[in-house]
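Trainee:
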Amino acid sequence: RNELYNRIIVFLAGRAAEEIYIGEISSGASNDLKESTNLVYEMICSYGMSKNLENFYIDEQLFKYFVEPIKVEASELIKKLYKDSVALIESHKEITEYIAQYLMTYECIDSAKLEEIFNHFNYEAQAN
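The letter at position 21 of the sequence shown is residue 619 when you use my numbering, and the numbering goes up by one with no holes.
#1: Run through the segment 625-701 for me and flag every whole alpha helix (DSSP H) of 4 or more residues, listed as ranges in chain order.
#2: Please check the pair LEU686 and ILE607, which I expect to be a contact at CB under 8 angstroms, by giving their CB distance rounded to whole angstroms.
#3: Helix or strand or just coil, what does DSSP make of PHE719?
#4: Quick one: residues in its chain with C-beta nearer than 7 angstroms to the C-beta of SER644, no 5 flanking neighbours on either side, listed in chain order?
#5: Helix, strand or coil for ARG599? Go by DSSP, reduced to three states.
#6: In this structure, does DSSP put GLY612 in helix, strand or coil?
#7: VAL638: buried (16+ other C-beta within 10 angstroms of its C-beta) or exposed?
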């Protein structure tokens, strides 16, 4: 579950960064929002990770009977993980600002450059 939460937090980080650094949101993170929403629904319906329907698989035929509680749970989870994403960015503001400036200049970044930046800021890469 934590691995999936972390993936969703990463998906939501683009939108969170826009809000933090630009002060408004754009359509740029729309694919990430789609991916995070799909993953939340998969967790609830397919992986048996619903807080209310734990260990329960909800297929398309059953979904219509549970649509409202699933929507509520999905919305609550996305809101919580979005707040976690904002908190993560804000707690590492110096490095995220540096990376954002780099991306504004060069438009993309490779793993070697990220490692160099992490080393510069004394961050250790964490594998999840």
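From the three backbone atoms N, C-alpha and C, an ideal C-beta is built for every residue, glycine too. Computed from a predicted structure; not experimentally measured.
Mentor: Concretely, from the data shown:
#1: Runs found: 628-643, 658-689.
#2: 7 angstroms
#3: coil
#4: TYR655.
#5: coil
#6: helix
#7: buried
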